Amino acid sequence: MQETAKLWMNGELVDWADATVHVGAHGLHYGSGVFEGIRAYETSRGPAVFRLADHLQRLHDSAKLLYMELPYTVEELRTATHDLVGANGLPSCYLRPIAFYGYGSLGVHTSGNPVETVIMSWPWGAYLGEDSLTNGITAKVSSWQRVGPNVIPHVAKATGIYLNSMLATTEAKRAGYDEATPLTEGGFVADGPGENIFVVKNGRITTPPLSTSILPGVTRDSIIQIAQEQGYIVEETDIIRTDLHLADEVFMTGIAAEVSPVRAIDDVELGVGPITLELQKSYLDAVYGRAEQWSHWLDVVEVRESATA
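Position 148, counted from 1, in the sequence shown is what the working numbering calls 268; the numbers after and before it change by one each time, with no gaps.
Laid out in structure tokens, this is it:
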């Protein structure tokens, strides 16, 4: 991670090195926090944050599911994001808003613990590797099941849930693959550890439904809209392991991963397909401000001249 000048923490911009918390913070011990992954892209109009309000609303929704009340509104967090991007002066960056229960009591109950709210910003390239967008990635079906919807609320982007993702990813990488594809308890394909999954077969696009314990991805929703606008049929339906092996194309989506082709699953070669690359191009055109029909997804930031001097 490349350090930047400032972070936004509990209502003010602070130096990167000064953004610290106590080791007794509740969120550190119990995973009681929520977060978002957001990207700002360099466009002809300046840095533009992709679907910022949608991400911040999901942060609030995630907090609600954890019985957490955020001390800042969506609009206040939007202003804070603009302030941070402007202060750091980066033409493009990855943004990580996070809210967690801080230092107070170390009982499992959160009563008496303050809610710490932070936004980080730093340069981050391709999440799955610099050539992942062009050459694709390899994946394996994980031995770790996707956590069930009545175990932890999967709709929440909660910090503790990502232990499930960490185990799946680590297993895959130790076995020589780029990423994992966990299944549900019933054997259906869920999502990647940090991505949603799409399957292309005979020109038809399918993706697992929310009932398979997946996160309702902002990129997932964007790709569904883009694909439908381009005339593709997109269906949310249960997908089984062999659907991955017999697919014409498979790709993963996420703010960090963007639109990454999956060229092989379980050593079954799929290659990088034309529909994946078409949707990838359309998505990148949208986030970089090259597609007018999706301009409403971009929240342009005014960068102060002093930030870039």
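The beta-carbon is built from N, C-alpha and C at its ideal position, and this holds for glycine as well.
Being a predicted model, the structure only gives us computed values, none of them experimental.
Per DSSP, which residues does E432 bridge with? Please list them.
-> Here the chain covers residues 121 to 429 and nothing more, so residue 432 does not appear.
Go through its chain and collect everything with a Cβ distance to Q265's Cβ below 7 Å, but skip five positions before and after it.
-> P302, L303, T304, E305
From the DSSP output, read off the bridge partner residues of I239.
-> W128, P217
Assign E378 to one of two classes, buried (16 or more other C-beta atoms within 10 Å of its C-beta) or exposed (fewer than that).
-> buried
Specify the secondary structure class of Y192 as computed by DSSP and reduced to three states.
-> coil
Near D298, which residues of its chain fall below 8 Å by C-beta distance, leaving aside the five closest residues on each side in sequence?
-> L248, G249, S252, I257, T258, A259, A292
Alpha carbon to alpha carbon, what distance is there between V338 and V205?
-> 20 Å
Check the DSSP bridge columns for N316 and list the partner residues they point to.
-> T373
The alpha helix (DSSP H) with D181 in it runs from where to where?
-> 172-185
Considering I419, what are the terminal residues of the beta strand (DSSP E) in which it resides?
-> The question names Ile, yet the displayed sequence has Asp at residue 419. Looking at the DSSP string, the run of the beta strand (DSSP E) that includes D419 is 418-420.
For the beta strand (DSSP E) holding R294, just list the boundary residues, first then last.
-> Segment 282-294 is the alpha helix (DSSP H) holding R294; no beta strand (DSSP E) there.
With a cut-off of 8 Å, do at least 3 Cβ pairs link the segment 352-364 to the segment 326-341?
-> yes
Option nearest I346 by Cα separation, candidates T237, F308, P243, S415 | S415
If you draw a straight line from the C-alpha of R88 to the C-alpha of P269, how long is it?
-> Since the first and last residues shown for the chain are 121 and 429, residue 88 lies out of range.
Counting along the chain, where does the beta strand (DSSP E) carrying I343 start and finish?
-> Element bounds for I343: not the beta strand (DSSP E) but the alpha helix (DSSP H), 338-349.
In terms of residue numbering, what span does the beta strand (DSSP E) encompassing I158 cover?
-> 158-163
Report yes if the CB atom of E156 is closer than 9 Å to the CB atom of I218, and no otherwise.
-> yes
Look up P381 in the DSSP assignment and say whether it is helix, strand or coil.
-> strand
Please state whether DSSP places P394 in a helix, a strand or coil.
-> helix
What number of angstroms, rounded off, separates the C-alpha of V134 from the C-alpha of A160?
-> 20 Å
Smallest Cα separation from A410: which of L283, D203, F170, S241?
-> According to the sequence displayed, residue 410 carries Arg and not Ala. The shortest C-alpha separation from R410 is found at F170.
Can you name, in chain order, every residue of its own chain whose Cβ lies under 8 Å from the Cβ of S426, other than the five neighbours on each side?
-> Bear in mind that the predicted position of S426 carries a pLDDT of just 47, short of 50, making it too unreliable to give a figure here.
G153 - containing beta strand (DSSP E), residue span = 153-155
For M121, count neighbouring Cβ atoms within 10 angstroms of its own Cβ and tell me buried if that reaches 16, exposed if not.
-> exposed
Using the beta-carbon count (16 or more within 10 Å), is K401 buried or exposed?
-> exposed
Presumed contact (8 Å Cβ cut-off) between D386 and V319, rounded CB distance | D386 to V319, Cβ: 14 Å. No contact.
My understanding is that A200 touches A125, with C-beta atoms under 8 Å, so please give their C-beta distance in whole angstroms.
-> Actually they are not in contact, since the Cβ atoms of A200 and A125 sit about 15 Å apart, beyond 8 Å.
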